[in-house]
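A short write-up of the structure that comes next.
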Amino acid sequence: MKENIPTVKVSDSPPVIYNIVSYYDNTLVVHIIRTDLLSPKEVGKLWLDKYLSIRTVYPNGSVIPLDIQLDIQDFNFCILYINGIQASPIRIYPIRSNFLIVTYSETTNLTDPFSYTDWAMIVDLNGNIYSKISFGSSYVDVATNQWLPGKAVIFLNSNPDNGFLRMTPMTNTTNASCEQYEVHINTVIPMVDEYGHATKRDPTVFYQTPISGLSFTDIDCDVSYVGIGQCCIVTGVFIIRAVIKKFYLKIDFLSNGTVIKVLPLMSDLQTNPLIEQYNIEALPYGGYLLSGIGTDDSGISAQVGEKLNWTLFTIELKKFEIERDHGYSNFHIDSTYPHINEIIELNTESLAIKYFNAVELSDGHIKIFHENGKLRQTILRINNAFVTQSVDGDSTTVIVKLLESTLNLPGSKYYVTIDNNFVKSRVYQEPLYGVKEHVWSFTTPKEEDFSGSVSGQIRLTAEGTVHFESLNENDRKMFFANLIRELADAIPVSYDRVTTNERNETDASTPQKQFLLPINILNDKTRKEIAVNLASRDLDLLIRNKHITAIGSGEYSKYLDDSYGYKLPKRKNADAKNTAIFQLVIVIFDIIMDIAFCIKVAKRVEKLFIPREKHKVFLEWSRENKYVVDLFTVLAGSEVEVLTVLESNIWNFDFFNAKFSKEGLSGMFLGSCFNVIFEDIPQLFIQIGRCYSFRDHGKTICGITDNVKKSNAQSNEMYDENSVENSDENVSFIE
Numbered sequence: 001m002k003e004n005i006p007t008v009k010v011s012d013s014p015p016v017i018y019n020i021v022s023y024y025d026n027t028l029v030v031h032i033i034r035t036d037l038l039s040p041k042e043v044g045k046l047w048l049d050k051y052l053s054i055r056t057v058y059p060n061g062s063v064i065p066l067d068i069q070l071d072i073q074d075f076n077f078c079i080l081y082i083n084g085i086q087a088s089p090i091r092i093y094p095i096r097s098n099f100l101i102v103t104y105s106e107t108t109n110l111t112d113p114f115s116y117t118d119w120a121m122i123v124d125l126n127g128n129i130y131s132k133i134s135f136g137s138s139y140v141d142v143a144t145n146q147w148l149p150g151k152a153v154i155f156l157n158s159n160p161d162n163g164f165l166r167m168t169p170m171t172n173t174t175n176a177s178c179e180q181y182e183v184h185i186n187t188v189i190p191m192v193d194e195y196g197h198a199t200k201r202d203p204t205v206f207y208q209t210p211i212s213g214l215s216f217t218d219i220d221c222d223v224s225y226v227g228i229g230q231c232c233i234v235t236g237v238f239i240i241r242a243v244i245k246k247f248y249l250k251i252d253f254l255s256n257g258t259v260i261k262v263l264p265l266m267s268d269l270q271t272n273p274l275i276e277q278y279n280i281e282a283l284p285y286g287g288y289l290l291s292g293i294g295t296d297d298s299g300i301s302a303q304v305g306e307k308l309n310w311t312l313f314t315i316e317l318k319k320f321e322i323e324r325d326h327g328y329s330n331f332h333i334d335s336t337y338p339h340i341n342e343i344i345e346l347n348t349e350s351l352a353i354k355y356f357n358a359v360e361l362s363d364g365h366i367k368i369f370h371e372n373g374k375l376r377q378t379i380l381r382i383n384n385a386f387v388t389q390s391v392d393g394d395s396t397t398v399i400v401k402l403l404e405s406t407l408n409l410p411g412s413k414y415y416v417t418i419d420n421n422f423v424k425s426r427v428y429q430e431p432l433y434g435v436k437e438h439v440w441s442f443t444t445p446k447e448e449d450f451s452g453s454v455s456g457q458i459r460l461t462a463e464g465t466v467h468f469e470s471l472n473e474n475d476r477k478m479f480f481a482n483l484i485r486e487l488a489d490a491i492p493v494s495y496d497r498v499t500t501n502e503r504n505e506t507d508a509s510t511p512q513k514q515f516l517l518p519i520n521i522l523n524d525k526t527r528k529e530i531a532v533n534l535a536s537r538d539l540d541l542l543i544r545n546k547h548i549t550a551i552g553s554g555e556y557s558k559y560l561d562d563s564y565g566y567k568l569p570k571r572k573n574a575d576a577k578n579t580a581i582f583q584l585v586i587v588i589f590d591i592i593m594d595i596a597f598c599i600k601v602a603k604r605v606e607k608l609f610i611p612r613e614k615h616k617v618f619l620e621w622s623r624e625n626k627y628v629v630d631l632f633t634v635l636a637g638s639e640v641e642v643l644t645v646l647e648s649n650i651w652n653f654d655f656f657n658a659k660f661s662k663e664g665l666s667g668m669f670l671g672s673c674f675n676v677i678f679e680d681i682p683q684l685f686i687q688i689g690r691c692y693s694f695r696d697h698g699k700t701i702c703g704i705t706d707n708v709k710k711s712n713a714q715s716n717e718m719y720d721e722n723s724v725e726n727s728d729e730n731v732s733f734i735e
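According to UniProt numbering, the sequence shown is numbered sequentially starting from 1.
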């Protein structure tokens, strides 16, 4: 690879590959160093440029360079040569995907070897530093009174998400310290048992023999990817009549220390006599890798590249257990449902894992993630409501129940991880290897069903209510803002689709004080996300099952009451102007009364009609009352109150959610006032006056009671005809 110009100031020296580490998905991180040519030369010391330079090599061949300023003391950027062995305080170890542990040291006095302490920090592959932790005092060789960096060894857990084991020799003793650490992105903590003490285990004897002159010079241990339990490969040396002979043993054992097999390796293998010590390592797909450094005086040396170039050679490893390799990087799993890369239906409610041999449920988890890394559901095997074994009799299949909300996003990719020790071998009672990220994945089909927005409520727990009450106004705004972001992440939908009016009300149905909070889910205008009806259903499921969903781990959503969920009101909206329904009834009644008035009564009040132009009396009256005529013409058009129904937001229907301006609402109010003053009140007086004027004729015309008796109606019609004839023959109704 040709190096780009570093992002920090460096010396003019060629890059050198110092170390290579890898993640389980075959992503490599290459640690690059450069000699600091400006530093003074010292015997036994090699000063380096003062930054961490890494190159991330992905399986597709792409390389991402990164140079990080660690802000640590300069002495860390120096390689010491002690008795021919390189020692450096800076080492890198891969943990969770995209994260590294970087070790280093600190001191208060460079000349005092006992003032040095060992430290570590978490760094991601983008150069962000998350946390630091002190491991305590560094190792000092008391015989030479010399600080020896890098003596500690870090072993990653078989599941890197569960942390690492750190082992280091202890100063002035023959003992070693061994501690287990858990890694959380924002902190690293030592693991202790439930009593608060560091967990200790007695040593186990793997192999012993009475042969004199026997010694073991190397040991390499790992999870047995192909078999059961763990395995160690040891290198032994014994001397017979001044002849040194080496041998290699593979020891298979269980986690309780029981040795199940000891197998000699390479008894007939022709090794290179120039290599004094082989390192041997078991490979994930079967077989072993031997590596070593040969001493050769042939004059052949490694080729030195150009100043900006370095080269990494790789080879494809042979798979010795290919018949059991079904794509899961796990030789214990035969098949799954869904299959790898299968397209499944939305809201699939179960998964299935079939093993080659009989298994029993153990203590691990299964986790389902969206392709963006967001957790959709976590399942602990001890939860019998979600994890069961098939009843087919061979005990090889495990069934996992999913919430309907887990696989709910159309056209999306999901993947499943299985912890080591999710199941164990029924025969050996030994934990089995799991499945890593992005190995078992599948997709959901696209969906075109979309609906309008909904408004509902969630409820805080009693603890959450106390916390909410303790917040000031600004903190409450922040609480709502972060809460709706966590809810949107959990569903998942884009942030602008989950809203709230930031109100709260007390739930009167609970013995303890608990607040109800309104939450709205808006429709998806992009038509790329989950529909509203499914989003509201899934939010309810996520809250009710928060102990196994992302809701329970959210900083704010953890305060939600899982017994309440997300409830949609029965056609009720806290923001709705529900009085509009009564307005609508009154307006309809008013219109009916107006029609009845025009039909039965208005004809008797001559000035309510528009006479023809030839009518001299009307012309004279209209000239004297011009503004009144104009006003009545406008008011006769419609009932303005009915417009308020359109902005009432009643029943959550979009067509009742018009957004009128303040000026428009003011105009409607004034129009309503005018309607009452100039229409309804005059109608009332006119009808009362007509009642009195017709009392002598035995006829009552009040409201719509004219229609009660047919005889009265007929009498009214006769009187109407006479009245019209006496008034004028040329009249018509206002249209």
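C-beta: ideal position from N, C-alpha, C; glycine also.
This structure is a prediction, so every number in the text was calculated from the model and none was measured.
DSSP three-state call for K559: helix, strand or coil?
On the sequence shown, residue 559 is found 559 positions in, with the first residue counted as 1. Reading the sequence as shown, one finds Tyr at residue 559 and not Lys. In this structure, Y559 counts as helix in the three-state DSSP scheme.
Going straight from the alpha carbon of R476 to that of I95, what length do you get?
Here residue 476 refers to the residue found at position 476 of the sequence shown. Here residue 95 refers to the residue found at position 95 of the sequence shown. Distance between the alpha carbons of R476 and I95 is about 37 angstroms.
Since L48 contacts D36 with CB under 8 angstroms, what's their CB separation in whole angstroms?
Position 48 of the sequence shown, counted from the start, is the residue given in the question as residue 48. Position 36 of the sequence shown, counted from the start, is the residue given in the question as residue 36. At roughly 6 angstroms, the Cβ-Cβ gap stays under 8 angstroms, so L48 and D36 are in contact.
Alpha carbon to alpha carbon, how far is I592 from L631? Give it in angstroms, no decimals.
Against the sequence shown, residue 631 aligns to sequence position 631. Against the sequence shown, residue 592 aligns to sequence position 592. In this prediction, L631 scores a pLDDT of 44, lower than 50, which makes its location untrustworthy; the coordinate-derived value is nonetheless stated afterwards. Roughly 22 angstroms separates the two Cα atoms.
Alpha carbon to alpha carbon, how far is V427 from L517?
Taking the first residue of the sequence shown as 1, we reach residue 427 at position 427. Taking the first residue of the sequence shown as 1, we reach residue 517 at position 517. Taking the straight line from one Cα to the other gives about 53 angstroms.
Through-space distance from H365 to P338, alpha-carbon basis:
On the sequence shown, residue 338 is found 338 positions in, with the first residue counted as 1. On the sequence shown, residue 365 is found 365 positions in, with the first residue counted as 1. The alpha-carbon atoms of P338 and H365 are separated by roughly 18 angstroms.
What does the Cβ neighbour count give for N60, buried or exposed, with the cut at 16 atoms within 10 Å?
The residue you call residue 60 lines up with position 60 of the sequence shown. Burial call: exposed.
Just the C-alpha distance for N330 and E430, rounded to the nearest angstrom, thanks.
Counted from its first residue, the sequence shown places residue 330 at position 330. Counted from its first residue, the sequence shown places residue 430 at position 430. Taking the straight line from one Cα to the other gives about 15 angstroms.
Which of the three DSSP states is assigned to T465 in this structure?
If you number the sequence shown from 1, residue 465 lands on position 465. T465: helix per DSSP, three-state reduction.
Pull up the CB-CB distance for T107 and I90, whole angstroms please, since I reckon it's below 8 angstroms.
Position 107 of the sequence shown, counted from the start, is the residue given in the question as residue 107. Position 90 of the sequence shown, counted from the start, is the residue given in the question as residue 90. Not confirmed; about 14 angstroms, so no contact.
Neighbourhood of G44 by C-beta distance below 8 angstroms, restricted to the same chain and skipping five residues each side
Against the sequence shown, residue 44 aligns to sequence position 44. Once the five neighbours on either side are set aside, the close Cβ partners of G44 are L80, Y81, I82.
Provide the residue span of the beta strand (DSSP E) that contains L454, from first to last.
As a working mapping, residue 454 is identified with position 454 in the sequence shown. It should be pointed out that residue 454 corresponds to Val in this sequence rather than to Leu. Per DSSP, V454 belongs to the beta strand (DSSP E) from 454-459.
When we look at the beta-carbon of F253 and count the other beta-carbons within 10 Å, is it buried (16 or more) or exposed?
Here the question's residue 253 lines up with position 253 in the sequence shown. Classification of F253: buried, given that the 10 Å Cβ count is 16 or more.
At what residues does the beta strand (DSSP E) containing D325 begin and finish?
On the sequence shown, position 325 is the one that residue 325 refers to. Here D325 belongs to no beta strand (DSSP E), and DSSP marks it neither H nor E.
Can you give the Cα-Cα distance for N175 and V123, rounded to whole angstroms?
The residue labelled residue 175 in the question sits at position 175 within the sequence shown. The residue labelled residue 123 in the question sits at position 123 within the sequence shown. Each residue's Cα considered, the two are about 31 angstroms apart.
So what does DSSP say about S711, is it helix, strand or coil?
If you number the sequence shown from 1, residue 711 lands on position 711. With a pLDDT of 41 at S711, under the threshold of 50, the modelled position of this residue cannot be trusted; read the value that follows with caution. It is helical.
With K477 as the anchor, note down where its beta strand (DSSP E) starts and where it stops.
Taking the sequence shown and counting its residues from 1, the one referred to as residue 477 is at position 477. K477 -> not in any beta strand (DSSP E); alpha helix (DSSP H) instead, spanning 473-490.
Just how far apart, CA to CA, sit T336 and L402?
Translated into the one-based positions of the sequence shown, residue 336 becomes position 336. Translated into the one-based positions of the sequence shown, residue 402 becomes position 402. Answer to the nearest angstrom: the Cα atoms are 15 angstroms apart.
Within the chosen definition, does the segment 337-355 reach the segment 404-416 through at least 3 CB pairs nearer than 8 angstroms?
yes
Spatial neighbours of E321 within its chain, please: CB distance less than 7 angstroms, with the 5 preceding and 5 following residues excluded, ordered by chain position.
Position 321 of the sequence shown, counting from 1, holds the residue named residue 321. Around E321: V226, Y285, G286, F331.
Alpha-carbon spacing of H31 relative to G464, whole angstroms:
Here residue 31 refers to the residue found at position 31 of the sequence shown. Here residue 464 refers to the residue found at position 464 of the sequence shown. Cα-Cα distance, rounded: 47 angstroms.
Short CB-CB distance (under 8 angstroms) between Y248 and chain B
The chain inventory of the structure shown lacks chain B, comprising one protein chain alone.
Opening and closing residue of the alpha helix (DSSP H) in which L534 lies
Walking along the sequence shown from the start, residue 534 turns up at place 534. Residues 532-544.
Spell out a yes or no on whether the segment 369-382 and the segment 498-510 are touching, meaning 3 or more CB-CB pairs, one atom from each, closer than 8 angstroms.
no
Are the segment 477-493 and the segment 435-449 touching, with three or more C-beta to C-beta distances below 8 angstroms?
no
Using alpha carbons as the reference points, say which of G84, E316, G127 lies closest to N26.
Residue mapping note: residue 26 aligns to position 26 of the sequence shown, counting from 1. It is E316.
Between V142, H184, D363, which lies nearest to Y130 when the distance is taken from Cα to Cα?
Here residue 130 refers to the residue found at position 130 of the sequence shown. Measuring from the Cα of Y130, the nearest candidate turns out to be H184.
In the DSSP assignment, the beta strand (DSSP E) including residue 754 goes from what residue to what residue?
Beyond the ends of the chain as shown, which are 1 and 735, falls residue 754; an answer cannot be given.
Taking all protein chains shown into account, decide if A550 is buried (16 or more other Cβ within 10 angstroms of its Cβ) or exposed.
Taking the first residue of the sequence shown as 1, we reach residue 550 at position 550. Buried, because 16 or more other Cβ atoms sit within 10 Å of the Cβ of A550.
Once DSSP output is grouped into helix, strand and coil, what is the label at S105?
Within the sequence shown, numbered from 1, the residue matching residue 105 stands at position 105. S105 falls in the strand class under three-state DSSP.
Could you give the distance in angstroms between the alpha-carbon of V16 and the alpha-carbon of L52?
Residue 16 sits at position 16 when you count from the first residue of the sequence shown. Residue 52 sits at position 52 when you count from the first residue of the sequence shown. Cα to Cα, V16 sits roughly 13 angstroms from L52.
Report buried or exposed for E529, applying the criterion of at least 16 other Cβ atoms within 10 angstroms of its Cβ.
Reading the sequence shown from its first residue, position 529 is the one you call residue 529. Buried, because 16 or more other Cβ atoms sit within 10 Å of the Cβ of E529.
Alpha carbon to alpha carbon, how far is L283 from G236? Give it in angstroms, no decimals.
Walking along the sequence shown from the start, residue 236 turns up at place 236. Walking along the sequence shown from the start, residue 283 turns up at place 283. Each residue's alpha carbon lies about 21 angstroms from the other.
Hey, K250 and I228 are a contact pair by Cβ (cut 8 angstroms); roughly how many whole angstroms apart?
Against the sequence shown, residue 250 aligns to sequence position 250. Against the sequence shown, residue 228 aligns to sequence position 228. At roughly 14 angstroms, the Cβ-Cβ gap does not stay under 8 angstroms, so K250 and I228 are not in contact.
Span of the beta strand (DSSP E) holding L568?
Position 568 of the sequence shown, counted from the first residue, corresponds to residue 568. Element bounds for L568: n/a, residue is neither H nor E.
Taking the beta carbon of V142 as the centre, do at least 16 other beta carbons fall within 10 Å, making it buried, or is it exposed?
Here the question's residue 142 lines up with position 142 in the sequence shown. Looking at its Cβ environment, which holds fewer than 16 other Cβ atoms inside 10 Å, V142 is exposed.
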